Amino acid sequence: MSKALSKTATQSPGTYGIMAEFADSSALIHAASHIRDAGYTKVEAFTPIPVHGLDEAIGHKASRLPWLVLAGGLTGSIGLFGFMTWVNLVDYPMNIGGRPHFSWPAFVPITFEGMVLFSAFAAVFGLFLICGFPSHYHPVFNAPGFERASTDGFFLCIESSDPLYDAAKAKSTLIGLGAHAVNEFSE
Amino acid sequence: MAEQTDQLRTTFDNLQKRAYIVGGAALALTVVGIAVSSTSQVLQSYLFAFLFFFGLSAGSMFLLTLQHITSGVWGLIIRRFVEAAALVIPWMGILFIPILLGITVLYEWTDPVRIAEEHAISAKVHFLNIPFFIIRAVLYFVAWGLLARRLRSLSIQQENAPMSETETFRDKLANVGGPGLVAHVMLWTFAATDWGMSLEPLWFSSMYPVGWMIGQVLTVFALMIIVLWLLSKNNLLGYEIPVDRLHDLGKFTFAFTVLWTYLNYSQYLIIWSGNIPEETPWFYERTNYGWQYLAIALIFGHFFLPFFLLLSRHTKRNFKVVARISMWLVFIEVVYVFWLINPAFHKGAFQIHWTHVSAFIGIGGLWVAMVIRYLKQLPILPPHDHRIPELEAQLAGHGHGNHAPVNH
Numbered sequence: 016m017s018k019a020l021s022k023t024a025t026q027s028p029g030t031y032g033i034m035a036e037f038a039d040s041s042a043l044i045h046a047a048s049h050i051r052d053a054g055y056t057k058v059e060a061f062t063p064i065p066v067h068g069l070d071e072a073i074g075h076k077a078s079r080l081p082w083l084v085l086a087g088g089l090t091g092s093i094g095l096f097g098f099m100t101w102v103n104l105v106d107y108p109m110n111i112g113g114r115p116h117f118s119w120p121a122f123v124p125i126t127f128e129g130m131v132l133f134s135a136f137a138a139v140f141g142l143f144l145i146c147g148f149p150s151h152y153h154p155v156f157n158a159p160g161f162e163r164a165s166t167d168g169f170f171l172c173i174e175s176s177d178p179l180y181d182a183a184k185a186k187s188t189l190i191g192l193g194a195h196a197v198n199e200f201s202e
Numbered sequence: 407m408a409e410q411t412d413q414l415r416t417t418f419d420n421l422q423k424r425a426y427i428v429g430g431a432a433l434a435l436t437v438v439g440i441a442v443s444s445t446s447q448v449l450q451s452y453l454f455a456f457l458f459f460f461g462l463s464a465g466s467m468f469l470l471t472l473q474h475i476t477s478g479v480w481g482l483i484i485r486r487f488v489e490a491a492a493l494v495i496p497w498m499g500i501l502f503i504p505i506l507l508g509i510t511v512l513y514e515w516t517d518p519v520r521i522a523e524e525h526a527i528s529a530k531v532h533f534l535n536i537p538f539f540i541i542r543a544v545l546y547f548v549a550w551g552l553l554a555r556r557l558r559s560l561s562i563q564q565e566n567a568p569m570s571e572t573e574t575f576r577d578k579l580a581n582v583g584g585p586g587l588v589a590h591v592m593l594w595t596f597a598a599t600d601w602g603m604s605l606e607p608l609w610f611s612s613m614y615p616v617g618w619m620i621g622q623v624l625t626v627f628a629l630m631i632i633v634l635w636l637l638s639k640n641n642l643l644g645y646e647i648p649v650d651r652l653h654d655l656g657k658f659t660f661a662f663t664v665l666w667t668y669l670n671y672s673q674y675l676i677i678w679s680g681n682i683p684e685e686t687p688w689f690y691e692r693t694n695y696g697w698q699y700l701a702i703a704l705i706f707g708h709f710f711l712p713f714f715l716l717l718s719r720h721t722k723r724n725f726k727v728v729a730r731i732s733m734w735l736v737f738i739e740v741v742y743v744f745w746l747i748n749p750a751f752h753k754g755a756f757q758i759h760w761t762h763v764s765a766f767i768g769i770g771g772l773w774v775a776m777v778i779r780y781l782k783q784l785p786i787l788p789p790h791d792h793r794i795p796e797l798e799a800q801l802a803g804h805g806h807g808n809h810a811p812v813n814h
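Next comes the structure, spelled out in structure tokens:
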């Protein structure tokens with residue numbers, strides 16, 4: 016295929032990217048790290064099970080999720096500590112066993128639980144936010160055989176928005192890395 | 407990977423020699439304190455130093471038995487170190503003799519006048535009496551010594567057996583380690599009650615031994631990170647530690663920081679909210695008269711600081727950073743043990759004496775020298791451990807996860 020032809024293929028408006036299927040997780044990691052080293056940046060992997068080391072292999076930067084969880088935890092702990100302080104000092108001061116109104120030792124368990132609860136909220140809903148949930152449609156479902164990503168298929172996708180994207184070259188590289196099936200798919 | 411290099415051997419020899427000299431000199435200086443200061447001051451300082459270093463061996467025994475039953479490569483890389491530290495326990499029994507000789511000076515419940523005037527002490531006299539205290543101490547050291555030596559003799563047999571028998575030894579070690587861990591927790595519960603809690607015989611708390619025990623385990627994790635960092639930095643380890651395995655140790659350190667806080671705070675909260683006169687004095691003494699500054703330092707230094715520093719994955723995976731945090735954790739544990747023990751003798755005013763420092767260096771020097779004595783006997787990475795192939799695969803870059811060697 017001439018260079019001019021592949022260029023037009025790249026620019027065809029309907030192409031979302033190219034999807035390659037691999038036999039197992041180690042073949043996927045191997046291929047992903049080669050693709051990363053080749054300079055591709057718009058790469059995503061799909062696996063039926065969590066695969067350790069895949070994040071590094073596809074060159075994903077550290078997730079923002081931990082910062083959201085930290086913010087959630089601080090909000091919960093400081094918020095609830097502040098709330099108890101306000102209730103006991105300002106809103107409804109009560110004499111409980113002669114203890115000071117600001118009896119902080121009693122506030123600690125709630126502060127801790129608030130931290131746990133709000134961290135968990137931030138983790139779950141932050142994950143939804145980062146992953147773009149809820150989403151009823153995604154172009155990757157157009158890739159042939161992609162439904163097997165939830166049973167036994169290990170997939171690697173290079174998106175056409177990648178500056179290095181060249182369908183023919185990517186296809187031959189992916190086959191060279193051991194992919195079974197490589198298909199371009201539409202948006 | 408198997409043999410200890412000459413370089414490591416020389417380092418161990420030099421360190422051991424220095425530890426014996428420094429430790430011996432510091433202990434001699436502490437004894438001079440009897441003439442310059444007082445016998446009771448020297449015994450108080452000695453008890454504090456003894457309990458801190460005994461705690462390192464006890465925490466090591468906990469981790470030694472634990473890693474034999476849980477397996478995992480994190481246990482493989484610390485196995486020899488905790489084994490050596492656990493083997494020092496019988497020798498700590500010899501260092502316990504001065505405490506037995508000074509029992510009437512240290513422990514209020516030995517005083518006939520106090521027994522006569524305090525019903526709550528006289529009621530405990532069937533348990534808290536000098537002969538039974540000595541019998542129990544001997545039993546603890548014998549039981550701990552037998553457990554440590556049984557695990558060591560299996561280690562030596564494993565070294566001499568071929569690799570094909572590695573799973574037999576894994577099971578044998580786990581079969582000793584499981585009951586051993588239960589025995590260890592029970593032994594420490596009694597020992598902590600005897601040696602530490604009974605300093606204030608009117609007070610009691612079932613959380614006291616547990617909170618302290620978790621502090622010991624935390625300190626041993628921190629110490630392992632420091633030791634591995636030092637050896638690795640000076641190219642003495644003989645292998646690279648995969649960064650995921652360092653991360654494991656960092657995660658344990660983080661988890662035990664939280665667990666320490668949970669247990670110690672629970673104890674405080676229960677006693678604070680109960681607010682009854684036989685329980686509150688222990689905390690009252692430790693949160694007033696100058697001792698409160700140590701208590702505040704513990705809240706921030708034993709919890710908030712390490713908690714926030716270890717929260718990030720980046721700090722746990724950076725050898726130099728996590729080693730620095732570990733050094734702080736060991737230091738703050740010294741403060742914790744000091745705060746547990748010394749207010750018992752100095753109710754009403756903060757007190758620290760130079761013999762605290764000299765006794766600490768003295769017992770510490772001898773402890774380090776004895777640990778090195780056992781470390782020198784076997785390779786620091788057990789070559790016939792069943793986890794060796796797993797570590798080798800990780801070092802070769804196979805299997806899942808990031809096994810890049812850690813940076814110093």
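From first to last, the protein sequence lines stand for chains A and B.
Taking my numbering, the leading residue of the first sequence gets 16, the next gets one more, and so forth.
Taking my numbering, the leading residue of the second sequence gets 407, the next gets one more, and so forth.
Note that the Cβ used here is the ideal one computed from N, Cα and C, for glycine as well.
Values in this document were obtained by computation on a predicted structure and should not be read as measured data.
Tell me which residues of the segment 116-138 of chain A have at least one Cβ-Cβ distance to chain C shorter than 9 Å, keeping chain order.
Given the protein chain composition of this structure (A and B), no chain C is represented.
Determine the burial state of B/E798: buried for a count of at least 16 other Cβ atoms within 10 Å of its Cβ, exposed for fewer.
Against the second sequence, residue 798 of chain B aligns to sequence position 392. Its Cβ having fewer than 16 others within 10 Å, B/E798 is exposed.
Using a Cβ-Cβ cut-off of 8 Å, state whether A/G94 counts as contacting chain B.
Against the first sequence, residue 94 of chain A aligns to sequence position 79. False, the Cβ-Cβ gap to chain B never drops below 8 Å.
Using CA atoms only, rank isn't needed, just tell me which of A/S176, A/P108, A/L85 and A/S118 is closest to A/G141.
Taking the first sequence and counting its residues from 1, one reaches residue 141 of chain A at position 126. When C-alpha distances from A/G141 are compared across A/S176, A/P108, A/L85 and A/S118, the shortest belongs to A/L85.
Which residues of chain B have a Cβ atom closer than 7 Å to the Cβ of A/G147, listed in chain order?
For this step, residue 147 of chain A is matched to residue 132 along the first sequence. The premise fails here: A/G147 is roughly 24 Å from chain B at the closest Cβ pair, so nothing lies under 7 Å.
Taking buried to mean at least 16 other C-beta atoms within 10 Å of its own C-beta, is A/V139 buried or exposed?
Taking the first residue of the first sequence as position 1, residue 139 of chain A is located at position 124. That one is exposed.
Contacting positions in the segment 681-703 of chain B - beta carbon closer than 8 Å to chain A:
Residues are counted here when their Cβ sits less than 8 Å from a Cβ of chain A; for the segment 681-703 of chain B these are N681, given in chain order.
Cβ of A/H49 within 7 Å of any heavy atom in the ligand GDP?
The ligand GDP is absent from the structure shown, which contains no ligands of any kind.
Work out the CA separation of A/D181 and A/K22 for me, nearest whole Å.
Numbered from its first residue, the first sequence carries residue 22 of chain A at position 7. Numbered from its first residue, the first sequence carries residue 181 of chain A at position 166. Reliability fails at A/K22, whose pLDDT of 42 lies under 50, so the model's placement of it is uncertain and the value that follows must be treated cautiously. In a straight line, the C-alpha of A/K22 is about 7 Å away from that of A/D181.
Are the beta-carbon atoms belonging to B/V511 and B/S446 less than 8 Å from one another?
Locating residue 511 of chain B in the second sequence gives position 105, where the first residue counts as 1. Locating residue 446 of chain B in the second sequence gives position 40, where the first residue counts as 1. In this structure, B/S446 lies closer than 8 Å to B/V511 by Cβ.
Tell whether a beta-carbon distance below 8 Å holds between B/F596 and B/V623.
Locating residue 596 of chain B in the second sequence gives position 190, counting from the first residue. Locating residue 623 of chain B in the second sequence gives position 217, counting from the first residue. No, Cβ-Cβ distance for B/F596 and B/V623 is not below 8 Å.
Give me the DSSP bridge partner(s) of B/G439.
Numbered from its first residue, the second sequence carries residue 439 of chain B at position 33. Beta-bridge pairing links B/G439 to no other residue.
Buried or exposed by the 16-neighbour rule on C-beta atoms within 10 Å, applied to A/S175:
Locating residue 175 of chain A in the first sequence gives position 160, counting from the first residue. Sixteen is the threshold: when 16 or more other Cβ atoms of the shown chains lie within 10 Å of the Cβ of A/S175, as they do, the residue is buried.
Who are the Cβ neighbours of A/K18 in its own chain at under 6 Å, not counting the five residues just before and after it?
Here the question's residue 18 of chain A lines up with position 3 in the first sequence. Here A/K18 scores only 41 on pLDDT, less than 50, and its place in the model is too uncertain to base an answer on.
I'd like to know whether the C-beta atoms of B/F547 and B/I495 end up nearer to each other than 8 Å.
On the second sequence, position 141 is the one that residue 547 of chain B refers to. On the second sequence, position 89 is the one that residue 495 of chain B refers to. Contact flag set, yes.
Under 8 Å between C-beta atoms of B/G754 and B/Y695:
Mapped onto the second sequence, residue 754 of chain B falls at position 348. Mapped onto the second sequence, residue 695 of chain B falls at position 289. Taking 8 Å as the cut-off, the Cβ atoms of B/G754 and B/Y695 count as close.
Touch check for the segment 78-96 of chain A and the segment 185-195 of chain A: three-plus C-beta pairs under 8 Å?
In short, these stretches do not touch, since the Cβ pair count stays below three.
Compare the beta carbon distance of B/K722 and B/G656 with 8 Å and say whether it is the shorter of the two.
Residue mapping note: residue 722 of chain B aligns to position 316 of the second sequence, counting from 1. Residue mapping note: residue 656 of chain B aligns to position 250 of the second sequence, counting from 1. A contact, by the Cβ cut-off of 8 Å.
Are the C-beta of B/L715 and some C-beta of chain A separated by less than 8 Å?
One-based indexing of the second sequence puts residue 715 of chain B at position 309. Under the Cβ distance rule, B/L715 does not count among the residues neighbouring chain A, no pair being separated by less than 8 Å.
Going by other Cβ atoms of all chains shown within 10 Å of its Cβ, with 16 needed for buried, is B/F459 buried or exposed?
As a first step, residue 459 of chain B must be located in the second sequence, where it is residue number 53. B/F459 is buried by the Cβ-count criterion.
Anything in chain A within Cβ reach of B/S446, meaning under 8 Å, just list it in chain order.
For the purposes of this step, residue 446 of chain B is identified with residue 40 of the second sequence, where counting begins at 1. Going along chain A, no residue has its Cβ under 8 Å from B/S446, so there is no contact; the nearest lies around 34 Å.
Give a yes or no on whether 8 Å exceeds the smallest Cβ distance from A/G112 to chain B.
On the first sequence, position 97 is the one that residue 112 of chain A refers to. True, the Cβ-Cβ gap to chain B drops below 8 Å.
In this structure, how does DSSP classify A/V7 when only helix, strand and coil are distinguished?
Only positions 16 to 202 of chain A appear in this structure, which leaves residue 7 of chain A out of reach.
Could you tell me which chain A residues have their CB closer than 9 Å to the CB of B/Y742, listed as they occur along the chain?
By one-based count along the second sequence, residue 742 of chain B stands at place 336. Ordered by position in chain A, no residue passes the 9 Å Cβ test against B/Y742, which lies about 19 Å from the chain.
Using C-beta distances below 6 Å, list every residue in its chain close to B/Q450, excluding the 5 sequence neighbours before and after it, in chain order.
Position 44 of the second sequence, counting from 1, holds the residue named residue 450 of chain B. Cβ within range, chain order: F751.
Got a sec: which bits of the segment 644-667 of chain B sit with their beta carbon under 9 Å from any beta carbon on chain A, in order along the chain?
Taking 9 Å as the Cβ-Cβ cut-off against chain A, the residues of the segment 644-667 of chain B that qualify are D650.
By a C-beta neighbour count over all protein chains shown, 10 Å radius and 16 as the cutoff for buried, is A/V105 buried or exposed?
Here residue 105 of chain A refers to the residue found at position 90 when the first sequence is read from its first residue. The residue in question, A/V105, is exposed, as its Cβ has fewer than 16 Cβ neighbours within 10 Å.
How would you label B/I503, buried or exposed, when you count the other beta carbons within 10 angstroms and need 16 or more for buried?
For the purposes of this step, residue 503 of chain B is identified with residue 97 of the second sequence, where counting begins at 1. With fewer than 16 Cβ atoms within 10 Å of its Cβ, B/I503 is classed as exposed.
Give the range of the beta strand (DSSP E) segment to which B/T476 is assigned.
Residue 476 of chain B sits at position 70 when you count from the first residue of the second sequence. Annotation for B/T476: no beta strand (DSSP E) segment contains it, though the alpha helix (DSSP H) segment containing it runs T445 to T476.
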